[in-house]
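Numbering (the numbering used here), first residue to last: 188 to 690.
Okay, structure first, notes after.
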RNA sequence: CGGGGCGUAGCGCAGUCUGGUAGCGCGCACGGUUCGGGACCGUGAGGUCGGAGGUUCGAAUCCUCUCGCCCCGACCA
């Protein structure tokens, strides 16, 4: 059913087509998440259920990132879910930053309701000290590091943890902002400031590498303004991506924490000169929010578009047949192709299920973003060909079965590059240099990134945010030195920063 | 917390104004015809209408209370 007919019925939930990006971007996003079987809202407020297909993508992300962390010398560990309130309090700015969104455990027991059915909290089981469900783990980890760090020889300490965290957000959006989410958080301790800064920047680079080369989402690397900094950090570095509606999405952050946490948790070490010093810290994280970025950066009105490197199924093969005999003939021809594809490390699914017809399968795998689809029917067998369709461009071609594996391999690489280039082109076409305030207000309504001069004050940043809802996404690391006038105040500025509305 | 909306079959909804046999589409089960871009026909299963109380001969429908969810705003590394 074409989308426009849905208005007649007053009910588009049954329509086969997705809402269009151009008509209702957020509805389009929600429908893709649901229809591609990535995740769903759970019965628990603000919390999602990540479904097997969505989780398979997350697992591929985890695998790639984890390998990169290991390659840069990090090891994994696991720390408690609960943070005693007194720990969280220790670093004041950190505490203030997270206080408003904490889930708090106050009791440890339930009992039968004396007035009837069900359970009630046992008032006699009140905890001596409340436990906070971690919104992030700096507090509990630095409290632990105190016992691990005595000498310069104990440093650097390079640890990562894969975990869930809870932030009691007032409004949630699946993958982009959920009350509970999955992430990794790296927490490192160093002997010198320079080394910690280097680590902070190195991990930002790792994130940029991952997001660009695996997720195929181009990002701008930069530094946050003091307003947007992580609570308790000296500097917050970030990577910012552009979604197809022109809004920015923070894809990862890497924080230089100075000695703030070492001082709050009294983590000191003896240096080579036998003097006591506080350790220098970093922390860095990416979350299941990246799933949101992946969806919003590439997908189209037919459904999800996945970069081959992260697609749980890279190639799907669909037989086209009438009789069981035809199917048997086709399957016989397909089997060695499947085996060869697997042998070169390509994940392939041969969907010979007979409960749906081929047309239905085509649409279904498009919706799920499978990068390459092959269709084989009796006609193909006669010609020694298969029909190969690529998800990114929706182009179809007839390809000889001879050498099909090399062809598919090359095609997957090409798709990976192509969707990155497409996203990069989109970002470039939607990034504007703006030098006057009227132009700024005008452009921000249309969407996209604005590269403009800023006088460096929080007052100006706040005023711009209040008037336009645009925030400074970052001060790009590669910003050219360029003197100019602040787009809002007219005061002196030494470089341009990136403004955008953000998720 | 303020404003708006919604809870009826697994999912999406109509029915509520004006009380009187609980319906439709999708999905599901079975049978058949189909099969190169989301097939069709037939048969069938499936609901104490979010919960509690009230009005009434009779409540999905009217009244009171209550629980939950969604959207907009405030909030948000």
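For glycine and all other residues, C-beta sits at the position ideal for the given N, C-alpha and C.
Being a predicted model, the structure only gives us computed values, none of them experimental.
N- and C-terminal bounds of the beta strand (DSSP E) containing residue i
{"i": "residue 429", "result": "422-429"}
{"i": "residue 337", "result": "Note, residue 337: premise wrong, no beta strand (DSSP E); not H, not E."}
{"i": "residue 561", "result": "559-564"}
{"i": "residue 659", "result": "658-663"}
{"i": "residue 615", "result": "Looking at the DSSP string, residue 615 is not in any beta strand (DSSP E); the run it does join, the alpha helix (DSSP H), is 591-616."}
{"i": "residue 411", "result": "Segment: none, residue 411 is in no beta strand (DSSP E) and carries neither H nor E."}
{"i": "residue 294", "result": "291-294"}
{"i": "residue 235", "result": "235-237"}
{"i": "residue 504", "result": "502-507"}
{"i": "residue 572", "result": "572-577"}
{"i": "residue 313", "result": "313-320"}
{"i": "residue 271", "result": "269-271"}
{"i": "residue 636", "result": "636-640"}
Spatial distance of residue i from residue j (CA atoms)
{"i": "residue 312", "j": "residue 296", "result": "6 Å"}
{"i": "residue 688", "j": "residue 634", "result": "7 Å"}
{"i": "residue 196", "j": "residue 204", "result": "Because residue 196 carries a pLDDT of 28, less than 50, the predicted location of this residue cannot be relied on, and the following value inherits that uncertainty. Taking the straight line from one Cα to the other gives about 14 Å."}
{"i": "residue 449", "j": "residue 683", "result": "34 Å"}
{"i": "residue 193", "j": "residue 557", "result": "Reliability of the predicted coordinates at residue 193 is poor, the pLDDT of 26 falling under 50, and the value obtained from them is presented with this limitation in mind. Cα to Cα, the separation comes out at about 27 Å."}
{"i": "residue 617", "j": "residue 637", "result": "8 Å"}
{"i": "residue 592", "j": "residue 535", "result": "11 Å"}
{"i": "residue 471", "j": "residue 441", "result": "4 Å"}
{"i": "residue 233", "j": "residue 520", "result": "48 Å"}
{"i": "residue 492", "j": "residue 656", "result": "30 Å"}
{"i": "residue 198", "j": "residue 207", "result": "Any reading at residue 198 needs caution, since the residue's pLDDT is 30, under 50, leaving its predicted position unreliable; the model's value is listed next. Straight-line Cα distance between these residues: approximately 15 Å."}
{"i": "residue 562", "j": "residue 360", "result": "37 Å"}
{"i": "residue 320", "j": "residue 287", "result": "13 Å"}
{"i": "residue 294", "j": "residue 284", "result": "25 Å"}
{"i": "residue 229", "j": "residue 588", "result": "45 Å"}
{"i": "residue 607", "j": "residue 531", "result": "23 Å"}
{"i": "residue 395", "j": "residue 309", "result": "49 Å"}
{"i": "residue 779", "j": "residue 363", "result": "Because residue 779 is not part of the residues shown, which for the chain are 188 to 690, the question remains open."}
{"i": "residue 508", "j": "residue 550", "result": "17 Å"}
{"i": "residue 489", "j": "residue 552", "result": "10 Å"}
Counterpart residues of residue i in DSSP-defined beta bridges
{"i": "residue 435", "result": "429, 689"}
{"i": "residue 374", "result": "346, 470"}
{"i": "residue 299", "result": "306"}
{"i": "residue 463", "result": "457"}
{"i": "residue 554", "result": "Looking at the DSSP assignment, residue 554 forms no beta bridge with any residue, so it has no partner."}
{"i": "residue 256", "result": "Looking at the DSSP assignment, residue 256 forms no beta bridge with any residue, so it has no partner."}
{"i": "residue 354", "result": "None; residue 354 has no bridge partner."}
{"i": "residue 536", "result": "503"}
{"i": "residue 490", "result": "487"}
{"i": "residue 263", "result": "347"}
{"i": "residue 445", "result": "468"}
{"i": "residue 583", "result": "576"}
{"i": "residue 276", "result": "Paired residues: none, contrary to the question."}
8 Å contact criterion, which residue i and residue j should meet: CB distance rounded
{"i": "residue 497", "j": "residue 247", "result": "5 Å"}
{"i": "residue 219", "j": "residue 486", "result": "6 Å"}
{"i": "residue 317", "j": "residue 292", "result": "7 Å"}
{"i": "residue 156", "j": "residue 602", "result": "Nothing in the structure corresponds to residue 156, since the chain is present only between 188 and 690."}
{"i": "residue 399", "j": "residue 685", "result": "Residue 399 to residue 685, Cβ: 17 Å. No contact."}
{"i": "residue 680", "j": "residue 624", "result": "Rounded, the Cβ-Cβ distance is 14 Å, inconsistent with contact."}
{"i": "residue 622", "j": "residue 674", "result": "6 Å"}
{"i": "residue 330", "j": "residue 274", "result": "5 Å"}
Within 8 Å, strictly: CB atoms of residue i and residue j
{"i": "residue 421", "j": "residue 445", "result": "yes"}
{"i": "residue 662", "j": "residue 648", "result": "no"}
{"i": "residue 690", "j": "residue 436", "result": "yes"}
{"i": "residue 314", "j": "residue 260", "result": "no"}
{"i": "residue 429", "j": "residue 614", "result": "yes"}
{"i": "residue 255", "j": "residue 397", "result": "yes"}
{"i": "residue 342", "j": "residue 374", "result": "no"}
{"i": "residue 272", "j": "residue 453", "result": "no"}
{"i": "residue 438", "j": "residue 480", "result": "yes"}
{"i": "residue 499", "j": "residue 240", "result": "yes"}
{"i": "residue 404", "j": "residue 252", "result": "no"}
{"i": "residue 222", "j": "residue 554", "result": "yes"}
{"i": "residue 559", "j": "residue 502", "result": "yes"}
{"i": "residue 263", "j": "residue 348", "result": "yes"}
{"i": "residue 424", "j": "residue 388", "result": "yes"}
Residue interval of the alpha helix (DSSP H) (run including residue i)
{"i": "residue 223", "result": "Note, residue 223: premise wrong, no alpha helix (DSSP H); not H, not E."}
{"i": "residue 476", "result": "476-485"}
{"i": "residue 627", "result": "624-633"}
{"i": "residue 391", "result": "380-400"}
{"i": "residue 279", "result": "279-285"}
{"i": "residue 231", "result": "Note, residue 231: premise wrong, no alpha helix (DSSP H); not H, not E."}
{"i": "residue 645", "result": "645-655"}
{"i": "residue 530", "result": "511-530"}
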